[in-house]
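A.B. asks: In my numbering, the protein residues as written are 3 to 161.
#1: Which residues in the same chain as residue 37 place their Cβ atom closer than 7 Å to its Cβ, once the five residues preceding and following it in sequence are excluded?
#2: Under 8 Å by Cβ, that's how I've got residue 70 and residue 94 pegged, so tell me the actual separation to the nearest angstrom.
#3: When the Cα of residue 75 is compared with those of 131, 92, 133 and 42, which residue comes out closest?
#4: Based on Cα-Cα distance, which residue from 46, 81 and 83 lies nearest to residue 65?
#5: Starting from residue 135, trace the alpha helix (DSSP H) both ways and give me its first and last residue.
#6: Helix, strand or coil for residue 64? Go by DSSP, reduced to three states.
#7: Would you mind stating whether residue 114 and residue 126 have Cβ atoms separated by less than 8 Å?
#8: Going by Cα to Cα distance, which pick from 91, 48 and 123 is closest to residue 153?
#9: Under 8 Å Cβ to Cβ from residue 79, same chain only, skipping five residues before and after it: list those, please.
#10: In whole angstroms, what separates the C-alpha of residue 88 from that of residue 82?
#11: The beta strand (DSSP E) that contains residue 89, what's its start and end?
#12: For the ligand FAD, is there a heavy atom less than 7 Å away from the beta-carbon of residue 93?
#13: Could you tell me the distance, in whole angstroms, from the CA atom of residue 180 to the CA atom of residue 135?
#14: What residues in its chain sit with their C-beta under 7 Å from that of residue 61, if we drop five residues either side in the sequence?
#15: Using CA atoms only, rank isn't needed, just tell me which of 39, 130 and 85 is closest to residue 150.
#16: Report yes if the C-beta distance between residue 128 and residue 112 is below 8 Å; otherwise report no.
#17: Look at the alpha carbon of residue 63 and the alpha carbon of residue 116, and state the distance between them as a whole number of angstroms.
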């Protein structure tokens, strides 16, 4: 009889639905926000910074999140588990008289992405934006894709 009394609370505990560690604040996968599928116009690769932006057509690129991949132009893209680190920087525009350094939202934003290629080698890519609204939307999408918030500009975000 004593054994039965000890088992009853244990059995009752499993008869009610189990709550998550953070109760209803936990997000199940069906409620997690998805990427926007927007195509972003950026500059890819390294180039000299100028007030008017780069002139070479070959560095202009389209960037998007499609399925589980970050894709540039018509490339194969990478998955977030290939990311080694992402560093976010603000870059001053070089100008003759007026500089953009320190002027809020007037600097180019660049993402330096280190990743492991499908062949196993460490590679680095750079995607830059001048348009602040486009950068904000891209940043939100890359944070959703990575599953973490980056915080401010500066320190490298490691996977």
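In this text, a Cβ means the ideal position worked out from N, Cα and C, and glycines have one as well.
C.D. replies: In this structure, then:
#1: Counted from its first residue, the chain shown places residue 37 at position 35. Hits under 7 Å: 67, 143, 146 and 147.
#2: The sequence position of residue 70 within the chain shown is 68, counting from 1. The sequence position of residue 94 within the chain shown is 92, counting from 1. So it is not a contact: roughly 35 Å between Cβ atoms.
#3: For the purposes of this step, residue 75 is identified with residue 73 of the chain shown, where counting begins at 1. It is 42.
#4: On the chain shown, position 63 is the one that residue 65 refers to. Nearest of 46, 81 and 83 to residue 65, Cα basis: 46.
#5: Looking up residue 135 in the chain shown gives position 133. Element bounds for residue 135: 134 to 148.
#6: The residue you call residue 64 lines up with position 62 of the chain shown. DSSP places residue 64 in strand when its eight states are reduced to three.
#7: For the purposes of this step, residue 114 is identified with residue 112 of the chain shown, where counting begins at 1. For the purposes of this step, residue 126 is identified with residue 124 of the chain shown, where counting begins at 1. Yes, Cβ-Cβ distance for residue 114 and residue 126 is below 8 Å.
#8: Residue numbering aside, residue 153 sits at position 151 when the chain shown is read from its first letter. Nearest C-alpha to residue 153: 91.
#9: For this step, residue 79 is matched to residue 77 along the chain shown. Excluding residues within five positions, the ones whose Cβ falls inside 8 Å are 68, 71, 72 and 73.
#10: By one-based count along the chain shown, residue 88 stands at place 86. By one-based count along the chain shown, residue 82 stands at place 80. Roughly 11 Å between the two C-alpha positions.
#11: The sequence position of residue 89 within the chain shown is 87, counting from 1. Taken as a continuous stretch (DSSP letters only), the beta strand (DSSP E) holding residue 89 covers 85 to 93.
#12: The model depicted lacks the ligand FAD and carries no ligand whatsoever.
#13: With the chain running from 3 to 161 in the structure shown, residue 180 is simply not present.
#14: Position 59 of the chain shown holds residue 61. Taken in chain order, the residues that qualify are 45, 46, 47 and 49.
#15: Here residue 150 corresponds to residue number 148 of the chain shown, with the count starting at 1. It is 85 whose Cα lies nearest to the Cα of residue 150.
#16: For the purposes of this step, residue 128 is taken as residue 126 along the chain shown, with counting starting at 1. For the purposes of this step, residue 112 is taken as residue 110 along the chain shown, with counting starting at 1. Yes, the pair counts as a contact, with Cβ atoms nearer than the cut-off.
#17: Position 61 of the chain shown, counted from the start, is the residue given in the question as residue 63. Position 114 of the chain shown, counted from the start, is the residue given in the question as residue 116. So the alpha carbons of these two residues sit roughly 18 Å apart.
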